[in-house]
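21 is the number of the first residue of the sequence shown in our numbering; add one for each residue after it. Even for Gly, the Cβ is constructed at its ideal location relative to N, Cα and C. Here the structure is a predicted model, which means the values were calculated and not measured.
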Amino acid sequence: MQAFIDKMRRRAGRYLDVRPVDIAPARGVFSLSFDDIPVTAWTEAGPILAEHGIKATYYVCGGLAGGSNMDLPQFETDHLLALHEAGHEVGCHTYEHVSTLTLSPGELDASLARNAAWVAERLDDHVMTTFAYPFGDAALGSKAVIDRRFLCGRGVRDGINSGSADRNLLQAIGLESRRLPGYDLQRMMADTAASKGWLIAYGHDVMDGPTPYGCTPDDLDRVIRLAKAADLDILPVGAGWERVAA
Ligand SMILES: [Zn+2]
Numbered sequence: 021m022q023a024f025i026d027k028m029r030r031r032a033g034r035y036l037d038v039r040p041v042d043i044a045p046a047r048g049v050f051s052l053s054f055d056d057i058p059v060t061a062w063t064e065a066g067p068i069l070a071e072h073g074i075k076a077t078y079y080v081c082g083g084l085a086g087g088s089n090m091d092l093p094q095f096e097t098d099h100l101l102a103l104h105e106a107g108h109e110v111g112c113h114t115y116e117h118v119s120t121l122t123l124s125p126g127e128l129d130a131s132l133a134r135n136a137a138w139v140a141e142r143l144d145d146h147v148m149t150t151f152a153y154p155f156g157d158a159a160l161g162s163k164a165v166i167d168r169r170f171l172c173g174r175g176v177r178d179g180i181n182s183g184s185a186d187r188n189l190l191q192a193i194g195l196e197s198r199r200l201p202g203y204d205l206q207r208m209m210a211d212t213a214a215s216k217g218w219l220i221a222y223g224h225d226v227m228d229g230p231t232p233y234g235c236t237p238d239d240l241d242r243v244i245r246l247a248k249a250a251d252l253d254i255l256p257v258g259a260g261w262e263r264v265a266a
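1) Reducing DSSP to helix, strand and coil, say where Ile-57 ends up.
2) By the 10 Å Cβ neighbour count, where 16 or more other Cβ atoms means buried, how is Met-90 classified, buried or exposed?
3) Distance check for Met-28 and Asp-56, CA to CA, integer angstroms please.
4) If you follow the alpha helix (DSSP H) that Gly-87 is part of, which residue opens it and which one closes it?
5) Below 8 Å on the Cβ atoms is my guess for Ala-164 versus Pro-125; work out the distance and round it to an integer in Å.
6) Determine, for Gly-83, whether the minimum Cβ-Cβ distance to residues of chain C falls below 8 Å.
7) State yes or no: is the C-beta of Pro-232 nearer than 7 Å to some heavy atom of ligand 1?
8) On the three-state DSSP scale, how would you describe Tyr-222?
9) Is it the case that the Cβ atoms of Arg-207 and Gln-191 are separated by a distance below 8 Å?
10) Using a threshold of 7 Å, is the CB atom of Pro-154 nearer than that to any non-hydrogen atom of ligand 1?
Following this line, the structure appears as structure tokens:
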């Protein structure tokens, strides 16, 4: 019963309380993001991003620093400092990595404030301007909280953001071994270019033998090559937003 109620609550969050934005960049945009930040999202992905000369967005939970999540070691503060220093965007993913379905709007706001303070203390007063929903769950009432604090929020529902999109629940594709076989990435890149849309991808671990939620280094390299071949601008989510939002 609880699963059914959560499903209905996710659906309500998705379709209600929409704040539309016209997506209208001069040409298509591709953004890469990594959630939670397993260590390999930096140690394995970082060199690939550098090789391609592109920047990504890392969605951080202060509460996961030095810990474990889904059996994978998570980033240490030094990793976060290094990726920030390298010019990648650090965005917000709540402090405790909890679904918004389990939080009141006030509790969500407190989690965001705690994460903002944690990050500011470690990254020289850095202010996070974009958000990713843990598990992609946007409870009704949560979008208004995100709207007050961030330029935009990203979910995990498949699709290209084009035409009109919900700024507080942008669509994204998963660089996840469980999802990748179902995508025609070359086609999605072409469609993003043709529609002058914004394709956002998210991933977790990056390693050979990835979890169902992660991908291999080759997968990451391929998606970047395809975005370049389609002549998309590759930007972190915050910079992408500035480019696409009319
Ligand atoms: Zn997450």
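The short version:
1) Against the sequence shown, residue 57 aligns to sequence position 37. Looking at Ile-57 - three-state DSSP - the assignment turns out to be coil, as it is neither helix nor strand.
2) As a first step, residue 90 must be located in the sequence shown, where it is residue number 70. Classified as exposed, Met-90 has fewer than 16 neighbouring CB atoms from the shown chains inside 10 Å of its CB.
3) Residue numbering aside, residue 56 sits at position 36 when the sequence shown is read from its first letter. Residue numbering aside, residue 28 sits at position 8 when the sequence shown is read from its first letter. Approximately 26 Å, taken between the alpha carbons.
4) Along the sequence shown, read from residue 1 onward, the residue named residue 87 stands at position 67. Counting along the chain, Gly-87 falls outside any alpha helix (DSSP H), and DSSP gives it neither H nor E.
5) Within the sequence shown, residue 164 is the residue found at index 144, counting from 1. Within the sequence shown, residue 125 is the residue found at index 105, counting from 1. Going by Cβ atoms, the distance from Ala-164 to Pro-125 rounds to 7 Å, so yes, they are a contact pair.
6) Given the protein chain composition of this structure (a single chain), no chain C is represented.
7) Translated into the one-based positions of the sequence shown, residue 232 becomes position 212. Outside the cutoff, so no.
8) As a working mapping, residue 222 is identified with position 202 in the sequence shown. Assigned with DSSP and collapsed to three states, Tyr-222 falls in strand.
9) Within the sequence shown, numbered from 1, the residue matching residue 207 stands at position 187. Within the sequence shown, numbered from 1, the residue matching residue 191 stands at position 171. No, the Cβ-Cβ distance between Arg-207 and Gln-191 is not below 8 Å.
10) Sequence index remark: in the sequence shown, residue 154 carries index 134 (1-based). Flag set: Cβ of Pro-154 near ligand 1.
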